[in-house]
Amino acid sequence: MTSQTAAGSSLAISVAAPTTADAAGYAALTYTDVGQVEKLGSIGASFAKVEFQPLKGAKQKYKGSADYGALQPSMALDSTDAGQAIMQTSADDESQKLYSFRVTFSDGAKRYFGGRNFGMPETADGADSMLTGAPTIEICTKIVKVAAPTT
Amino acid sequence: MSDTKPKMISAKATRDFTDAGTERRFEADKAHDFTEGEFANFAAAGLVEAVASAGDTKTKPAT
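Residue numbers (the numbering used here), protein chains in the order written: chain A, 1 to 151; chain B, 152 to 214.
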């Protein structure tokens, strides 16, 4: 992957779960794009740091449990946008259902994962700003990375 | 020859909405055709409801 800007990237959601947690399984689902997305935020797993300081010697550091992270996009609220409506549904869902998500970069590379939306607060800031929504999608599965198609 | 045509579901939009990915716009109270996946997504959000037709809503048998 060469360097690229974030422009053209997109976020999409599906209420279905893949039959297999791989690229083929996720690609087989039907997604609905979320409109009016301003930022996607960071995506990727990180590991807890386990430290041990022996009496003699330097501090030792180990990789602990994995956390697949959370995606925190922001978007201008649009009551007619189907993707935002599904995002709101996933935020309101009180069950432990996993929704499927697809992030597409401008070169066509994709990131698939299952996640739960822990809320989608709406923000009304100053007069010269848009009403925005900021969901917190906790990523609950390994992120499946699909490289950009070769041309 | 295999049938690769996706099964379509006729459903009524409960309100005006737009699909940002396809840029299709759906008018409230009008019936539209959706793929099964589209219908599942939109129905979950309460955007569409299946049209109860007098006829058979099942897939037509292969000819």
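Just so it is clear, CB atoms sit at the ideal spot from N, CA and C, and this is done for glycine as well. All of these numbers come straight from a predicted model, not from anything done at the bench.
Chain-ordered chain B contacts of residue i [CB-CB under 8 Å]
i, result
"T30 of chain A", "T186, E187, G188, E189, A191, N192"
"A12 of chain A", "G172"
9 Å Cβ cut-off: residues of chain B touching residue i
i, result
"A16 of chain A", "G188, A191, N192"
"D33 of chain A", "D170, A171, G172, T173"
Euclidean distance between Cα positions of residue i and residue j
i, j, result
"D170 of chain B", "S65 of chain A", "38 Å"
"V37 of chain A", "A28 of chain A", "24 Å"
"D107 of chain A", "T2 of chain A", "9 Å"
"P54 of chain A", "D67 of chain A", "27 Å"
"T80 of chain A", "A148 of chain A", "31 Å"
"E187 of chain B", "G35 of chain A", "21 Å"
"D22 of chain A", "R111 of chain A", "11 Å"
"A6 of chain A", "G57 of chain A", "44 Å"
"K156 of chain B", "E189 of chain B", "15 Å"
"T141 of chain A", "G114 of chain A", "5 Å"
"T104 of chain A", "M120 of chain A", "21 Å"
"K209 of chain B", "A162 of chain B", "Because the pLDDT of K209 of chain B is 48, which lies under 50, any placement of that residue in the model is unreliable, and the question is left without a value."
"L40 of chain A", "L71 of chain A", "7 Å"
"I143 of chain A", "D33 of chain A", "18 Å"
"F177 of chain B", "A195 of chain B", "16 Å"
"T151 of chain A", "S46 of chain A", "32 Å"
As assigned by DSSP and simplified to three states, the class of residue i
i, result
"T165 of chain B", "coil"
"Q96 of chain A", "coil"
"M75 of chain A", "strand"
"I143 of chain A", "coil"
"G133 of chain A", "strand"
"F118 of chain A", "coil"
"A12 of chain A", "strand"
"Y112 of chain A", "strand"
"S106 of chain A", "coil"
"K53 of chain A", "Note that residue 53 of chain A is Gln in the sequence shown here, rather than Lys. It is coil, neither helix nor strand."
"E108 of chain B", "Lying outside 152 to 214, the shown extent of chain B, residue 108 of chain B is not represented and no answer is given."
"A48 of chain A", "strand"
Contact with chain E by residue i, beta-carbon distance below 9 Å
i, result
"D180 of chain B", "The structure shown has no chain E; the protein chains it does contain are A and B."
Chain A contacts made by the stretch 176-203 of chain B, where a contact means CB separation under 7 Å: T186, G188, E189, A191, N192, F193, A195, A196, L198
Interface positions of the stretch 74-89 of chain A facing chain B (Cβ-Cβ less than 9 Å), listed along the chain: D78, S79, T80, D81, A82, G83, Q84, A85, I86, M87, Q88, T89
Cβ contact (3+ pairs, closer than 8 Å) linking the stretch 10-25 of chain A and the stretch 83-98 of chain A: yes
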